[in-house]
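Residue numbers (the numbering used here), protein chains in the order written: chain A, 4 to 275; chain B, 21 to 523.
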Amino acid sequence: MRISLFIACYNDALFPQTGKAAVRVLERLGHQVEFRPAQTCCGQMHWNTGYLREALPILRHFVRVFADAETVVVPSSSCVAMIRDHYLKAAAMDNDPALAREVKALLPRVFEFTEFLVRKLGIDDLGARFTHKVAYHPSCHSARSLHLDEIPLRLLRHVRGLDLVPLANAQECCGFGGTFALKNADVSSAMLADKVRCVLNSGAEVITAVDNSCLMHIYGSLHRQRTFVRAVHLAEILACSEDESGGESVLAPDQHYALAEHSARVATETAQ
Amino acid sequence: MKPEANSSPWNRRDFPEAAREALAAEPLPTAPFEHSQTRRNVRHATDIIQAKRNAVVAELPEWQALRSAGAAIRAHTLEHLDHYLLEFEANCVRRGGHVHWAADAADARRLVLEILAPHAPREVIKIKTMTSEEIGLNACLEEHGIHPVETDLAELIIQLGHDRPSHFVVPALHKSRGQIRDLFASAMHRPELTDSPEELAAAARSYLRQKFLTTPVAISGANFLLADTGGVCIVESEGNGRMCLTLPDVLVTVVGIEKVLPCFQDLEVFLQTLPRSATGERMNPYNSIWSGTPAGDGPREFHVILLDNGRSPILADAESRQTLRCIRCAACLNACPVYHQTGGHAYESVYAGPIGAILTPQLHAMHDAQSLPYASSLCGACYEVCPVEINIPEVLIHLRSQVVQQQQSTLTGSLGLWNIAMKSAAFLMQDGGRLGAAVRLAQTAQAPLVSRNGFIEWMPGPLSGWTKTRDLPALPAESFRAWWRRTRSAQPATPAASEPHHE
């Protein structure tokens, strides 16, 4: 299958390792991955902040760039939620039946990354190996808009060596909410404090999700508090495999180093 | 009609500022633990109600169908509101009731005073009603020498403590048993009281029983109006409502025009969804439905005041009309992670929580409470639990767009930091090349902010809101698109992959 990767603007700039991981997983499955450099953003930040008119040209651009793509895969559930829940509304708001037709034609071909693997390809074992204690945070859009339900957990349960630990109050928002984190920084921080407490109580070394936005938020606090827990996008966990020893590491140097250091510490403690 | 500027007893600060206080970010010098205790109480109470709600909702396999039925009935009623209100009026009058129409809060208060005048009561007993809060009725009655006695236990706690409700089903949810004991001990002169629930309930009961037996006038709200019978429905847990509805000679019901249902049979949906959503009960202990003044039973004089007070303009807006489907169950408050943190007072509004964040600004025609549509992370928990499927996040975004358009219509707003930042970002995000160039520029420009650990720990201006409590990863040296170009440039670009034309 020819897959067009929509990386999402913030992943492009801040988390390129997630894109690399998604490419690696999809190519390992024998698919052809393309990246259209004209792509930018889904328009979510503008739309959700109330800048609807400003979001219009951005989402028009998205539709134009991917109009003829066979399949669009997105390693960010909130972007897919934006596309599915709001693009048709935007077309109606702008009285643009042509745009509405294009959106309707495109929608069935846009998938969130894990949803694509499990629902479209029917695969839940990627042959991945990741020997760490992992907690999964079901981001709000992945759970309440895309209804991914068990999909990410099914993928995680098939990862060799991965110890999946439950996360208390998992369904509660981490407090990111895009510009909410700035406009209501105090409330956002209080929500984050609760989330981080649950993450730490879970005993996980790694917190994962299908959205780097939430992970950036959660890790922002974990890092500020100098905890040992690291945040890793689910695609990066799935890209870790034992049969590929060479090649570029998908983990950022910071994450990789911290995990290795932590594994060594755990090993020493266990030995004692 | 024009919204009334000063009808609200609430001093309306912006949400972030009020929330900051509620979060005890700055403890009050006089009561350093008050907000901490409040937050703990709110979290505890909402957790309990939420758990009960989830358990009784899970019992009904047809829950989603009930939600859709409730939404459909309410939507249909709103589409034909004029018809059903007139039908209600005709049937209510036929059975001996009096129906009055109030355009706004001042109108409603004047009507109440006119109805009470011939009876010259010194006291009136009240059933918990948010509509009364909305029109500031208690303060108005006090001004005219009439003392309103709240008979709902939680409302009584609020009244005795000169407090404000923080939740519209459980108004005193922010109070702990210990706090209520202290309040009752001083207000009812009962120093011997302990904080056992039985003792506190008994104290309230003996205080209120005298009022029920001696007060000739009662004021209520309503959960539903029934167009086909002219009936009025109130559901409650304590029985105080039943007392108020049956013992006095005169009953005045103040109710929002959106509360009407086409027929009695529609209750089959809402008497299932409302109690399960509101208090986690399968059925309310007391369900009262009355119509007019049947001989030998209940009040001799019965008035209904139908209140608009900003509802008609909401009805006119196709995007946000769904707001008026609300049956005031407050499930969205109990599910809301923002409400969990701040409690209800931070909304500085009669209606708190997610529904308050969309209802209050609209009731004030978006002249007021403009920070409320932003008091949400759009997590969608409210929509998920709403028994009439109000898509609150969707309405929040719609209202945000109205706030943005208002701001952009002024010079200071259009030159404001947010507007300029969002406009610039929108410009960059219409072109892959432009965005790539901006990212490359930022990779260099961020250098002074990046700590040796590779994270940004301080940012200026509005961005400081992030770095006050959170680190931000620095932009890596190579973006994904740059990596792709470097490693995959051998691949021929497809025609569609190149920059499309801009018209």
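Built from N, CA and C at the ideal position, the CB exists for glycine as well.
Shown here for V132/B: same chain residues with a beta carbon closer than 8 Å to its own, the five before and five after excluded, namely L157, C160, L161, I239, V272, V274, I325 in chain order. Nearest neighbour of I154/A by Cα position, chosen from A207/A, S216/A, E118/A, turns out to be E118/A. Looking at the DSSP output, S7/A shares a beta bridge with E37/A, V75/A. Rounded to the nearest angstrom, the gap between the Cα atoms of H209/B and I145/B is 21 Å. Taking 8 Å as the cut-off, the beta carbon of T21/A is found closer than this to the beta carbon of E239/A.
A residue is called buried when at least 16 other Cβ atoms come within 10 angstroms of its Cβ; A91/B meets this threshold and is buried. Against chain B, a Cβ distance below 7 Å from L55/A picks out S421. Restricting attention to V68/A, L149/A, G180/A, N215/A, the CA atom closest to the CA of E37/A is found in V68/A. Within chain A, no residue has its CB atom less than 8 Å from the CB of Q70/B, the nearest being about 11 Å off.
For D67/B, the number of other beta carbons within 10 angstroms of its own is below 16, and it is reported as exposed. D248/B has its alpha-carbon roughly 21 Å from the corresponding atom of D317/B. When DSSP assignments are scanned along the region 60 to 119 of chain B, the uninterrupted stretches of alpha helix (DSSP H) that are 4 or more residues long and fall wholly within it turn out to be 83 to 99, 101 to 114. Put simply, of L158/A, T182/A, N215/A, C176/A the residue whose alpha carbon is nearest the alpha carbon of G125/A is L158/A. Chain A has a Cβ within less than 8 Å of the Cβ of A39/B. One finds G53, Y54 in chain A with Cβ atoms closer than 7 Å to the Cβ of V424/B, taken in chain order.
Our two residues, L495/B and A39/B, have alpha carbons roughly 32 Å apart in a direct line. Nearest C-alpha to H139/B among P185/B, G165/B, L245/B: G165/B. Under the 8 Å criterion on CB atoms, R227/A is classed as interfacial with respect to chain B. In the three-state reduction of the DSSP assignment, I476/B falls in the strand class, which pools E and B.
Within chain A, the C-beta atoms nearer than 7 Å to that of G400/B come from C143, R147, S148, in chain order. Counting along the chain, L225/A sits inside the alpha helix (DSSP H) bounded by residues 215 to 227.
Beta-carbon to beta-carbon, Y13/A and S216/A are separated by about 7 Å, close enough to satisfy the 8 Å threshold.
Proximity of chain B to H49/A at the Cβ level (cut-off 9 Å) is accounted for by M442, A445, A446, M449, in chain order. The C-beta of Q230/B has fewer than 16 other C-beta atoms within 10 Å across all chains shown, which makes the residue exposed. With its beta carbon less than 8 Å from one in chain A, V358/B belongs to the interface. A straight line joining the alpha-carbon of L86/B with that of T182/A spans about 35 Å. Assignment of R233/A by DSSP, reduced to helix, strand and coil, places it in the strand class. Between the alpha carbons of C177/A and D197/A lies a distance of about 8 Å. In summary, R163/A is exposed, with fewer than 16 beta-carbon neighbours lying within 10 Å of its beta-carbon over all protein chains present. Annotation for P81/B: no residue places its beta carbon closer than 8 Å to its own, counting only its chain and skipping 5 residues before and after. For the set V470/B, S509/B, I277/B, the Cα lying nearest the Cα of A122/B is the one of I277/B. Measuring C-alpha to C-alpha distances from N411/B to each of I93/B, G456/B, T343/B identifies T343/B as the nearest. For D152/A, there is no enclosing beta strand (DSSP E), as DSSP marks it with neither H nor E. Using a Cβ distance threshold of 8 Å, C402/B and P374/B count as a contacting pair. As DSSP reads the structure, A212/A sits in a beta bridge with H236/A.
Taking 4 residues as the minimum length, the alpha helix (DSSP H) runs contained wholly in the region 162 to 201 of chain A are 183 to 186, in order along the chain.
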